[in-house]
Amino acid sequence: IKTAAPLFFQILDSLRHQRLLSPTSLIDALPPQNVTKVNVCTASGDLPNSYCKNLSETWFIPGKSPIKVSSLHRPMHLDNTTGLALCNKSDNSHEEVFEFWDADMLRLFREAGMPRRTPPTLPAQCSNNQTTTLAPQISSPLRGVVYTLKLSRQLAKNETIALKANSTLSLKLFWFADNALIGEVESGKALAWQPQKSGVYVLRAVDSNGLADSREVQVEFVP
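Numbering-wise (the working numbering), the sequence shown opens with residue 6 and increments by one.
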């Protein structure tokens, strides 16, 4: 998205400017027989859920194109008097649909001069079942990867693993390795972690509401 797509459009613009791209070559081209068009959620590009109202038509390749249903748009119950978020619907509440972008996308929107409306924070007493989809999402370290660190660099305190997660509801995340606190960092930013020995660690990213994401990571030291 950040590199290949801009380069692709620059190439097309250059070909068109040099009159090397025939307009009819694109208009007359027919798609393969197994390719069809489907409606997707315009904002996320995934298949729309019931809360995404703005749809766009795009090409779909059976067995190849992703079939993930968009979870960007989600409903929340707000108190009619205070405007604060509620755990459940009440006689004095109404439902509003919010876009749940991660911290990286929110930052990009702000830098582009298009800030997005952020969802309100849920009360701490909300059950985990209702807030599971709002928990932090770990993006680094990766699943199923063995992280190999050079012992010489580790002793020199140069060898670290980047811990990164995005949270919708919290600006700050607390990282744990097994039961030990590693440190705290802003949502969407990386925290440098230096394991002390080889082994399998359970890493957890916990937000200020107590919601968490976890994953196992295997670390091996080599000379």
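Ideal Cβ positions, reconstructed from N, Cα and C, are used throughout, including at glycine.
{"Asked": "Below 8 Å, can you find three or more Cβ-Cβ pairs linking the stretch 175 to 185 to the stretch 201 to 217?", "Found": "yes"}
{"Asked": "Any idea which residues DSSP pairs Ala210 with across the strands?", "Found": "Trp180, Asp218"}
{"Asked": "If the criterion is Cβ atoms closer than 8 Å, does the pair Leu91 and His82 meet it?", "Found": "yes"}
{"Asked": "Any beta carbon of chain B sitting closer than 8 Å to that of Phe103?", "Found": "In the displayed structure, chain B is absent; only one protein chain is listed."}
{"Asked": "Can you give me the Cβ contacts of Phe65 inside the same chain, cut-off strictly under 6 Å, excluding the 5 residues immediately before and after it?", "Found": "Thr41, Val43"}
{"Asked": "For the beta strand (DSSP E) containing Ala233, list its first residue and its last residue.", "Found": "Beyond the ends of the chain as shown, which are 6 and 228, falls residue 233; an answer cannot be given."}
{"Asked": "By alpha-carbon positions, which one of His99, Ser98, Ser203, Thr47 ends up nearest to Leu156?", "Found": "Ser203"}
{"Asked": "With respect to the alpha helix (DSSP H) encompassing Ile72, which residues constitute its N-terminal and C-terminal limits?", "Found": "Neither: Ile72 is in no alpha helix (DSSP H) and is coded neither H nor E."}
{"Asked": "Under DSSP, the beta strand (DSSP E) around Phe65 begins and ends at which residues?", "Found": "60 to 65"}
{"Asked": "Residue range of the beta strand (DSSP E) that Trp84 falls in?", "Found": "Looking at the sequence shown, residue 84 is not Trp but Asp. Counting along the chain, the beta strand (DSSP E) containing Asp84 begins and ends at 78 to 84."}
{"Asked": "Given this structure, state the Cα-to-Cα distance separating Tyr152 from Pro146, to the nearest angstrom.", "Found": "9 Å"}
{"Asked": "Nearest to Pro141 by CA position, among Asp107, Met119, Leu111, is which residue?", "Found": "Asp107"}
{"Asked": "By alpha-carbon positions, which one of Lys69, Glu100, Ala167 ends up nearest to Asn39?", "Found": "Lys69"}
{"Asked": "Could you spell out where the alpha helix (DSSP H) holding Ala108 opens and where it closes?", "Found": "108 to 116"}
{"Asked": "Beta-carbon separation of Arg122 and Phe105 under 8 Å?", "Found": "no"}
{"Asked": "Check whether the Cβ atoms of Ala170 and Ala197 sit closer than 8 Å, and answer yes or no.", "Found": "no"}
{"Asked": "Give the DSSP-derived three-state secondary structure of Gln201 in the structure shown.", "Found": "coil"}
{"Asked": "Let me know if Asp218 comes out buried or exposed under the rule of 16 or more other beta-carbons within 10 Å of its beta-carbon.", "Found": "buried"}
{"Asked": "Give every residue of the same chain whose Cβ lies closer than 8 Å to the Cβ of Ala195, excluding the five residues on either side of it in the sequence, and list them in chain order.", "Found": "Ser145, Ala167, Leu168, Lys169"}
{"Asked": "Quick one: what's got a C-beta closer than 6 Å to Asn59's C-beta in the same chain, skipping five residues either side?", "Found": "Thr47"}
{"Asked": "On the criterion of 16 or more Cβ atoms from any shown chain inside 10 Å, does Ser172 qualify as buried, or is it exposed?", "Found": "buried"}
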